[in-house]
Amino acid sequence: MFDGKNILITGGTGSFGKKYTKILLKKYKPKKIIIYSRDELKQYEMAQEYNDKCMRYFIGDVRDSSRLKKAMKDIDYVIHAAALKHVPIAEYNPMECIKTNINGAQNVIDAALECGVRKTIALSTDKAANPVNLYGATKLASDKLFVAANNLVGDQDIEFSVVRYGNVIGSRGSVVPYFQKLIRNGVESLPITDEKMTRFLITLEQGVNFVLKNFERMQGGEIFVPKIPSMKIIDLAHALAPNLSREIIGIRPGEKLHEIMCPADDSHLTLEFEDHFVIQPTISFARKRDYSLNNLKEKGKKVHQGFEYNSGNNSQWLKEDELLKFIKDI
3 MFDGKNILIT GGTGSFGKKY TKILLKKYKP KKIIIYSRDE LKQYEMAQEY NDKCMRYFIG
63 DVRDSSRLKK AMKDIDYVIH AAALKHVPIA EYNPMECIKT NINGAQNVID AALECGVRKT
123 IALSTDKAAN PVNLYGATKL ASDKLFVAAN NLVGDQDIEF SVVRYGNVIG SRGSVVPYFQ
183 KLIRNGVESL PITDEKMTRF LITLEQGVNF VLKNFERMQG GEIFVPKIPS MKIIDLAHAL
243 APNLSREIIG IRPGEKLHEI MCPADDSHLT LEFEDHFVIQ PTISFARKRD YSLNNLKEKG
303 KKVHQGFEYN SGNNSQWLKE DELLKFIKDI
């Protein structure tokens, strides 16, 4: 569906944007891919690797509504990946996080509506479900904005949806490269916040392929959640450095013991498919949608009342050797 199409990725120089671009170029023949981001050095470096004739690099910030509208002219599909994502930094700089993650989200929506973008998917995070930190709260607000944007399309053939998933193995700022750096620096122990702490884990390629597939599935208004494995952080540390001791340092500001992707309070809205969940919108739209049957004719069924999909009660667990294989592949 991406052959001959124009695609824009906000925050496109990040880990997700680069992998998404790589897979688009490998599997499809897009007419144009626009990388929209604010860091000229990262754009310069990315352009050295991804220099196909379809590639375009736009300096711009999602806080800049007029620049977004210029960039989205004649665009068919948008992936909104730009965000401020560092939990402790967001706690200390709340308004900056709000400007990018909430105001920026609305700017993306306004630009997509004005430019007639056919489909937009916003990337979310498990931290947006029952948030306890500012970053998660801003992403929850962003999710709500993108879902509600389907009320603004009128009779235009425009759709907005959200993809929510957990920690990406090996992405910048995540726990795996952090531990690897400590190990290279010769530390005597690895810091663990809590022995019971768990996280959802997904590879970058799995995340990109899930987003690609949801462009085909989406009807507008859904939050897509992949079924992915969990892992205890203490087991992750053991896999990376079995000979190092672990030091329990306590939970940092804004952290949870377990992450949630489908809250129990949303169980009446949650549908289970073979390899993913869909959280239906709390509001109804002028155009009726049957979210239990998507555009790929996949059928979903309602989960039981009180169902919660969290990293602590997950039925899928990542083994240490599987983690090491993923890291090696990366």
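The sequence shown runs contiguously to residue 332 in the numbering used here.
By construction, the Cβ of each residue, glycine as well, lies at the ideal position given by its N, Cα and C atoms.
Bear in mind that the values here come from a model prediction, so they are computed numbers and not experimental data.
| Ser367, enclosing alpha helix (DSSP H) - first and last residue | Limits of the chain in this structure are 3 at one end and 332 at the other, which puts residue 367 out of reach.
| query | Tyr38: which of Asp78, Thr127, Ala83 and Lys29 sits nearest, CA to CA? | reply | Looking up residue 38 in the sequence shown gives position 36. The option with the nearest alpha carbon to Tyr38 is Ala83.
| message | Taking a contact to mean a Cβ-Cβ separation below 8 Å, would you say Pro96 touches Gly256 in this structure? | response | Counting from one through the sequence shown, the residue named residue 96 turns up at place 94. Counting from one through the sequence shown, the residue named residue 256 turns up at place 254. No; because the gap between Cβ atoms is not below 8 Å, this pair is not in contact.
| 8 Å contact criterion, which Thr284 and Val305 should meet: CB distance rounded | What you label residue 284 is simply residue 282 of the sequence shown in a count that begins at 1. What you label residue 305 is simply residue 303 of the sequence shown in a count that begins at 1. 16 Å between Cβ atoms; not a contact.
| message | In whole angstroms, give me the CA-to-CA distance for Asp157 and Lys258. | response | Taking the first residue of the sequence shown as 1, we reach residue 157 at position 155. Taking the first residue of the sequence shown as 1, we reach residue 258 at position 256. Roughly 42 Å between the two C-alpha positions.
| task | Please state if the CB of Leu10 and the CB of Met57 are separated by a distance shorter than 8 Å. | result | As a position in the sequence shown, residue 57 is number 55, starting the count at 1. As a position in the sequence shown, residue 10 is number 8, starting the count at 1. Going by C-beta atoms, Met57 is not nearer than 8 Å to Leu10.
| Buried versus exposed call for Ile250 [16 or more other C-beta atoms within 10 Å across all chains shown] | For this step, residue 250 is matched to residue 248 along the sequence shown. Per the 10 Å Cβ criterion, exposed.
| query | Assuming Glu276 and Glu300 make a contact with CB atoms under 8 Å, what is their CB distance in whole Å? | reply | Position 274 of the sequence shown, counted from the start, is the residue given in the question as residue 276. Position 298 of the sequence shown, counted from the start, is the residue given in the question as residue 300. With a Cβ gap of about 7 Å, Glu276 and Glu300 count as contacting.
| Near Ile332, what residues of its chain come up, given a Cβ to Cβ distance below 8 Å and the 5 sequence neighbours on each side ignored? | Counted from its first residue, the sequence shown places residue 332 at position 330. Excluding positions up to five away in sequence, the list reads Ile171, Gly172, Thr205 and Leu206.
| query | Curious, which full-length alpha helix (DSSP H) runs of at least 4 residues does the stretch 156-191 contain? | reply | 177-186
| task | With distances taken Cα to Cα, identify the nearest neighbour of Phe328 among Glu161, Val178 and Asn316. | result | As a first step, residue 328 is located in the sequence shown; it is residue number 326 there, counting from the start. Taking only the C-alpha atoms, the option nearest Phe328 is Val178.
| said: If I follow the unbroken beta strand (DSSP E) through Pro228, where does it start and stop? | reply: The sequence position of residue 228 within the sequence shown is 226, counting from 1. Ile225 to Pro228 is the span of the beta strand (DSSP E), which, as asked, contains Pro228.
| query | For Lys34, which beta-bridge partners are listed by DSSP? | reply | If you number the sequence shown from 1, residue 34 lands on position 32. Paired residue(s): Asn8.
| Where do the ends of the beta strand (DSSP E) carrying Asp260 lie? | Your numbering for residue 260 matches position 258 in the sequence shown. Looking at the sequence provided, one finds His at residue 260 rather than Asp. Neither: His260 is in no beta strand (DSSP E) and is coded neither H nor E.
| From which residue to which residue does the alpha helix (DSSP H) around Arg219 run? | In the sequence shown, the residue the question calls residue 219 occupies position 217. Residues Leu206 to Arg219.
| Closest to Ala107 by CA distance: which of Lys129, Tyr167, Asn132 and Phe162 is it? | Residue mapping note: residue 107 aligns to position 105 of the sequence shown, counting from 1. The shortest C-alpha separation from Ala107 is found at Phe162.
| Contacting residues, own chain, Cβ-Cβ under 6 Å from Met199 (five flanking each side not counted) | Translated into the one-based positions of the sequence shown, residue 199 becomes position 197. Same-chain partners within the cutoff: Ile235 and Leu259.
| said: Give me, in chain order, the residues of the same chain whose beta-carbon lies closer than 6 Å to that of Pro228; leave out the 5 immediate sequence neighbours on both sides. | reply: As a first step, residue 228 must be located in the sequence shown, where it is residue number 226. These residues qualify, in order along the chain: Tyr167, Phe212 and His278.
| said: Using C-beta distances below 7 Å, list every residue in its chain close to Glu116, excluding the 5 sequence neighbours before and after it, in chain order. | reply: Here the question's residue 116 lines up with position 114 in the sequence shown. Closer than 7 Å at the Cβ level, and outside the excluded window around Glu116, lie Lys71.
| Count the other CB atoms within 10 Å of the CB of Gly13; is the residue buried (16 or more) or exposed (fewer)? | Position 11 of the sequence shown, counted from the start, is the residue given in the question as residue 13. So Gly13 ends up on the buried side.
| query | Can you round the beta-carbon distance between Val189 and Thr122 to whole angstroms, since I take them to be within the 8 Å contact cut? | reply | For the purposes of this step, residue 189 is identified with residue 187 of the sequence shown, where counting begins at 1. For the purposes of this step, residue 122 is identified with residue 120 of the sequence shown, where counting begins at 1. That belief does not hold up - the Cβ atoms of Val189 and Thr122 are roughly 43 Å apart, past 8 Å.
| query | For Asn210 versus Lys55, is the C-beta distance shorter than 8 Å? | reply | As a first step, residue 210 is located in the sequence shown; it is residue number 208 there, counting from the start. As a first step, residue 55 is located in the sequence shown; it is residue number 53 there, counting from the start. What sits at residue 210 in the sequence shown is Val, not Asn. No, the Cβ-Cβ distance between Val210 and Lys55 is not below 8 Å.
| Leu86 in three-state terms, based on DSSP | For the purposes of this step, residue 86 is identified with residue 84 of the sequence shown, where counting begins at 1. The answer is coil: DSSP assigns Leu86 none of H, G, I, E or B.
| query | Beta carbon of Phe202, beta carbon of Met263: below 8 Å? | reply | Position 200 of the sequence shown, counted from the first residue, corresponds to residue 202. Position 261 of the sequence shown, counted from the first residue, corresponds to residue 263. Closer than 8 Å, so yes.
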